[in-house]
Structures are given as C-alpha cells and as structure tokens.
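>
There are 2 protein chains.
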Amino acid sequence: MNTVVAVPRVVIVDDQTLFRSGLAKLLEADERICVVGQAADGEAGVELVSRVHPDVVLMDLKMPGLDGVGATRRIATEFPETKILVLTTFDAENHFIQALRAGASGYVLKDSEPDAIVSSILAVVSGERVMATAVANRVLDMLTGTLAPKEFYDGLTPREIEILKLVAEGMANKQIAYRLKISEKTVRNHVSNTYDKLKIVDRSQAVLYAVRKGLVEP
Amino acid sequence: MNTVVAVPRVVIVDDQTLFRSGLAKLLEADERICVVGQAADGEAGVELVSRVHPDVVLMDLKMPGLDGVGATRRIATEFPETKILVLTTFDAENHFIQALRAGASGYVLKDSEPDAIVSSILAVVSGERVMATAVANRVLDMLTGTLAPKEFYDGLTPREIEILKLVAEGMANKQIAYRLKISEKTVRNHVSNTYDKLKIVDRSQAVLYAVRKGLVEP
DNA sequence: TCCGGCGCCGGGACATCCGCCCACGCCCGG
DNA sequence: CCGGGCGTGGGCGGATGTCCCGGCGCCGGA
C-alpha cells in the first residue's frame, strides 16, 4: 500500500497548450504525481489555485497578461500552503531572483529530464527548495567572492544600473535627469561609464544589453 | 485491422528536453503516430534523420547551434522524402516565410491542441500543406489588399525596415550610410520618417520596437 | 498618352542631444 | 590619513533629429 503521505496534487500554468498537455501526460504516467488542473496564463492560474488548492504549482514565467512572477506573488500571499515551482527556460538571466523573492520554492529548467521534474515536485512538497544546477551555480557565484554579488552586471554600480534601466526604456538623458533630480551632465557621465564597462559605444547597444539581461521588457 | 497506409514514423527536434519528452508521450498515446526518435538541436536532428529516415520531422525553429531553418533546408534537400512540420511559438513574425522557403511542409503553433498536431502530421504525410490559422490568416492578409504585404510594420517601406534593422543592431547613421552606399543625410531622412510612422522620437525606442517585432535578436 | 503619387536619394541649416574629458566633493577601508 | 571608488557637475565637439528643398524612376489611373 501507499505511504502515509498523499499523492501531491499539481496544477500546470503555461501559455503553450502543447507543452501543458505533454507535461500533464508525462506526469500522469507517474503514480507519485496527480495533475488536477491546467491554466494558460497568470490570471487563470490564480483562479484555478483558488478553486482546487493544489499542493504544487508548476509555473512558467513568460506568459501573456499576468506573468509568472506576478502570479507567483499573488498565489504565495493568498494561498501560502501552495508551493510554487518555477519551470522555465534559461534565457532571462535575473528573473529567477524576482521569482524567488516573489515566493517561489524552486526553479527548474524546461531543458531537463522528466524524472528531474518529478523529484523536484516531491522535494518541494516535502519543504525543500530546488534549484537547477545552472541556476544554483550562478547563485553561488554571486555569493562567493569569485563573482561579487553585483558583479553579475559586469561591474555596474547601482546608480549605473538604475540609469541604464531608464535608458533602455527609451528615456532621454534630460528626462532621466529630471526623474532622478540630478543634472543631465551627471546622467551623461553615468551612461558613459556604463558604456565603458560594458565595452559598448552606443545608446542602442545599451538598450540591447538591457533587454538581453532582462533589465527591461522589450 | 489497420488500413493499407503504414503508421507515420515521426522524429521530434526541439532543444527543450521536457517539451520533447512530453510531446513524445502525447504522440505515443495515439496509435496513428509512431515516434521513432528525438534530437536536441539541428545538427543532431539532421544526423538522426539520416539514420532513421522518418516520414515526418517536427521541427522547432529557435535552437542553439544549427537552427530550425538551416536544419529544415538540409533535410529538405538531402532527404526530400521526409516531410518537415515546423512546430514553434508565434513570436518572430516572419520566420515562417523563411521556414517554408527552406522546404517545410507546414507550420503549426505550440499553442494548439494535441489533436491538431496529430491531424497536421497525418495531413502532411498525405501530401497536404498545413498552416496554423493565425499564420494562414496573416498570409492571406499579406496577399489580399486588406493588409498590404508590408503594412504589418505600420506602413514602413522596405528601405525603412532595412535601415531600422541596422539601427537596432547598434549601428550609427554614418556606418549605415557606408554599408548601404548612400549618403548619411538619406539615412537620417529614412530614420526620421520611420520615427514619424512609428510615432516614436528616439533611437532607443526604435531599438525596442525592432526587438518587439522580432526584426533583430536582442 | 500624360500626369500625379510614391519610394528613394541627396543637400542645407538649425537645434538639440549625446558621448567624452576633466574636475570636485564624499565616504570608506587600508 | 589618504587612495580609490562613487556620485555629482561643466565644457566641448561630434552625432542625431527636424524641417525645408529638389531630383529621379516607376507605376497606375485619368
């Protein structure tokens, strides 16, 4: 007979219907998991959780409408007994920080074996935290001295990152200066220093860098 | 007993392990399909096709290394008896043209029902061409007058699109002028007209527009 | 056939904007 | 205490964006 622990009830939130269906099929084939629902975006995901109260949510990050981070935050606050396991690709570099801060219990990659997903789910329901090795390594790099905590952004100072974000949103130096209540000249200097550190020469390339790093949404 | 037509043998080429596994599970559950292999990138996909000679390849477009378009072209030329069904997301707007020109027999979206995939596979093996309705509508729009072939990019002329791409890659006006063998003034005029049509004022915002539209990779 | 429109090309002049160099305080750690 | 990083600014030259202008080639409608 089974153990004392019930089979964890799981819902899947992902905008790709095919991926959802395939993953559900995959998990249903494993008797240690029970898939009890699917949703195609953040809104529907929150609503679904409020109805079925699952043990674990497999959450994609990039979705139309309410995205994964927002949905994670809402579920984590409104239904704290439900664990959230982020399941996404490894493109946007820093989203996992936002996701974990929003209340996710784990972060695994779509580029991993089905068995890994199952064991991650089981680990999460038992209270563990799960991190994909690639992500974990990055976290360790950021903590240990090899890569200073902020060194992730190629040595940019906080002020420079702040200004780079605004640049990447299409703001002019003058607007940034007004927003930050500093001189336009100062903004230009920060921007210039940023170019130096990133080894770029141009505002456009700064925008591309920021988009790549996930500092802004395109 | 079965019909005279053999069950189509299918291979899946996609870089996301989880998606591959799930889709394989999904298709294996359908007796009309037989999954005979998987590959994680274009190179491996071509090699796999050369070994097993499947009837259909389900091909993702965005992959590391040799991408889907390149793999499609190679398979279509080296193994013309193998049909290729592109299976991708609906982000990059114009990739489907390249894929079809490279020899794909169909273009379906990951955001669709499993049944649709199965019937698309069956249609492709029987010699049909399959297009996702969203894609087909776009093609029709481009052919009929409703939406001029180019009108998708907010009325930008071909030249303007060409220059916008270079702008979004971080090139300066002078460099673009040299590349296109025209005057810098002309480039500035094209850029200015582009701003006008897109209702933007700034180079940075042009980059963001181009990234959003998939004109350039971030 | 002619003509008007449009895309593409280029010029001039002007007002900014941008990127770069230099400099000044401030604070903190060696 | 002092060297260095950080945030702040001024000045300058080049790049960028805008508004004019004209010319050429092509196409479709009158």
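In order, the protein sequences belong to chains F and Y.
FYI, my numbering numbers position 39 of the first sequence as 39, with every residue one higher than the one before it.
Counting from 1 along the second sequence, just add 1000 to a position and that's the residue number in my numbering.
Note that beta-carbon positions come from the ideal geometry of N, C-alpha and C, so glycine has one too.
Note that the structure is predicted; figures quoted are calculated from it, not measured.
#1: Which value, in whole angstroms, describes the spacing of the CA atoms of Asp15 (chain F) and Pro64 (chain F)?
#2: Would you check if the stretch 201–209 of chain F and the stretch 1205–1218 of chain Y touch, i.e. whether three or more CB-CB distances between them fall below 8 Å?
#3: Taking only three categories from DSSP, how would you classify Val187 (chain F)?
#4: From the DSSP output, in three-state form, read off Ala1123 (chain Y) for me.
#5: Only counting the same chain, and skipping five residues up and downstream in sequence, which positions put a Cβ closer than 7 Å to that of Arg129 (chain F)?
#6: Less than 8 Å between C-beta atoms, sequence neighbours within five positions excluded: which residues of the same chain meet that for Val7 (chain F)?
#7: Identify the contact partners of Phe1096 (chain Y) in chain F, using a Cβ-Cβ distance below 7 Å as the criterion.
#8: Can you tell me whether Ala39 (chain F) is helix, strand or coil according to DSSP?
#9: Can you tell me which of the three DSSP states Val1013 (chain Y) falls into?
#10: Of the choices F:Lys213, F:Gly22, F:Thr82 and F:Thr77, whose alpha-carbon is the least far from that of Asp1115 (chain Y)?
#11: Looking at the unbroken alpha helix (DSSP H) that takes in Leu166 (chain F), where does it start and where does it end?
#12: Per DSSP, which residues does Ile84 (chain F) bridge with? Please list them.
#13: Who does Tyr1000 (chain Y) pair with in a DSSP beta bridge?
#14: Could you round the C-beta distance between Leu1026 (chain Y) and Met1059 (chain Y) to whole angstroms and report it? I think they count as a contact, below 8 Å.
#15: For the stretch 17–34 of chain F, which residues have a beta carbon sitting closer than 7 Å to at least one beta carbon of chain Y?
#16: Please determine, among F:Val57, F:Leu87, F:Lys62 and F:Glu113, the residue with the shortest C-alpha to C-alpha distance to Ala76 (chain F).
#17: What is the DSSP secondary structure of Gly1070 (chain Y), reduced to helix, strand or coil?
#18: Just to make sure I have the definition right: I need the residues of chain Y whose C-beta is within less than 8 Å of the C-beta of Glu184 (chain F). Which are they?
#19: On the criterion of 16 or more Cβ atoms from any shown chain inside 10 Å, does His95 (chain F) qualify as buried, or is it exposed?
#20: According to a CB-to-CB cut-off of less than 7 Å, which residues of the stretch 96–119 of chain F neighbour chain Y?
#21: Taking contact to mean at least 3 C-beta pairs separated by less than 8 Å, is the stretch 1182–1190 of chain Y in contact with the stretch 1199–1206 of chain Y?
#22: For a test of the three-state rule: what should DSSP assign to Leu1109 (chain Y), helix, strand or coil?
#23: Hey, Arg1184 (chain Y) and Ala1177 (chain Y): beta-carbon distance below 7 Å or not?
#24: Going by DSSP, what residues sit across from Val1130 (chain Y) in a beta bridge?
#25: For the candidate residues F:Ala40, F:Phe79, F:Pro54 and F:Ala29, whose alpha-carbon lies nearest to that of Asp67 (chain F)?
#26: Along the stretch 1159–1177 of chain Y, what residues have a CB closer than 9 Å to any CB found in chain F?
#27: So, using beta-carbon positions, are Thr82 (chain F) and Lys110 (chain F) closer together than 7 Å?
#28: Any beta carbon from chain Y within less than 7 Å of Gln205 (chain F)'s own beta carbon?
#29: Looking only at its own chain, which residues have a Cβ that is under 6 Å from the Cβ of Tyr1296 (chain Y), when we skip the five neighbours before and after it?
#30: Exposed or buried, Arg1101 (chain Y), counting other C-beta atoms within 10 Å across all chains shown (16 or more means buried)?
#31: Counting C-beta neighbours from all protein chains within 10 Å, is the total for Ser126 (chain F) 16 or more, i.e. buried, or is it exposed?
#32: For Leu1058 (chain Y), return the contacting residues in chain F, with the cut-off set at a CB-CB distance below 7 Å.
#33: By how many angstroms is the C-alpha of Thr1194 (chain Y) removed from the C-alpha of Leu1156 (chain Y)?
Looking at the coordinates:
#1: Going from the Cα of Asp15 (chain F) to the Cα of Pro64 (chain F) covers about 7 Å.
#2: Yes, since at least three Cβ pairs between the stretch 1205–1218 of chain Y and the stretch 201–209 of chain F fall closer than 8 Å, the two stretches touch.
#3: In the structure shown, Val187 (chain F) falls within a helical segment according to DSSP collapsed to helix, strand and coil.
#4: Correct three-state label for Ala1123 (chain Y): helix.
#5: Close CB contacts of Arg129 (chain F) within its chain, under the 7 Å cut and outside five residues either way in sequence, are with Ser105 and Gly106 (chain order).
#6: Apart from sequence neighbours up to five positions away, the residues of its chain that approach Val7 (chain F) with a beta-carbon distance below 8 Å are Glu31, Arg32, Ile33 and Cys34, ordered along the chain.
#7: For Phe1096 (chain Y), no chain F residue has a C-beta closer than 7 Å to its own C-beta; the minimum C-beta separation is roughly 17 Å.
#8: Ala39 (chain F): strand per DSSP, three-state reduction.
#9: Val1013 (chain Y) falls in the strand class under three-state DSSP.
#10: When each option's Cα is compared against that of Asp1115 (chain Y), the closest is F:Gly22.
#11: First-last of the alpha helix (DSSP H) with Leu166 (chain F): Pro158 to Ala168.
#12: BP columns for Ile84 (chain F) point to F:Val57.
#13: Not covered by the structure: residue 1000 (chain Y). The range shown for chain Y is 1001 to 1218.
#14: The pair is not a contact, with the Cβ atoms about 17 Å apart (cut-off 8 Å).
#15: Residues of the stretch 17–34 of chain F with a C-beta atom less than 7 Å from some C-beta of chain Y are Thr17, Leu18, Phe19, Ser21, Gly22, Leu23, Lys25, Leu26 and Ala29, listed in chain order.
#16: Minimum Cα distance to Ala76 (chain F) is reached at F:Val57.
#17: Note: Gly1070 (chain Y) maps to helix in three-state DSSP.
#18: Close partners of Glu184 (chain F) in chain Y (Cβ separation under 8 Å) are lacking, with about 15 Å as the shortest Cβ gap.
#19: Buried, because 16 or more other Cβ atoms sit within 10 Å of the Cβ of His95 (chain F).
#20: Cβ contacts with chain Y: Lys110, Asp111, Ser112, Glu113, Pro114 and Ile117.
#21: Put simply, the stretch 1182–1190 of chain Y does not touch the stretch 1199–1206 of chain Y. Fewer than three CB pairs are less than 8 Å apart.
#22: Residue state, collapsed to three classes: strand.
#23: For clarity, residue 1184 (chain Y) is Glu in the given sequence; the question names Arg instead. For the pair Glu1184 (chain Y) and Ala1177 (chain Y), the CB atoms are nearer than the 7 Å cut-off.
#24: In the DSSP assignment, Val1130 (chain Y) is bridged to Y:Gly1106.
#25: The shortest C-alpha separation from Asp67 (chain F) is found at F:Ala40.
#26: Taking 9 Å as the upper bound on Cβ-Cβ separation, chain F lies near residues Val1167, Ala1168, Glu1169, Gly1170, Met1171 and Ala1172 of the stretch 1159–1177 of chain Y.
#27: Not in contact: Thr82 (chain F) and Lys110 (chain F) (Cβ atoms no closer than 7 Å).
#28: With 7 Å as the cut-off, Gln205 (chain F) counts as an interface residue toward chain Y.
#29: In this structure chain Y extends from 1001 to 1218, so residue 1296 (chain Y) is not present and cannot be described.
#30: It counts as exposed.
#31: Exposed: under 16 other Cβ atoms inside 10 Å.
#32: Near Leu1058 (chain Y) there are no residues of chain F at all, since even the closest Cβ is about 10 Å away, more than 7 Å.
#33: Distance between the alpha carbons of Leu1156 (chain Y) and Thr1194 (chain Y): 7 Å.
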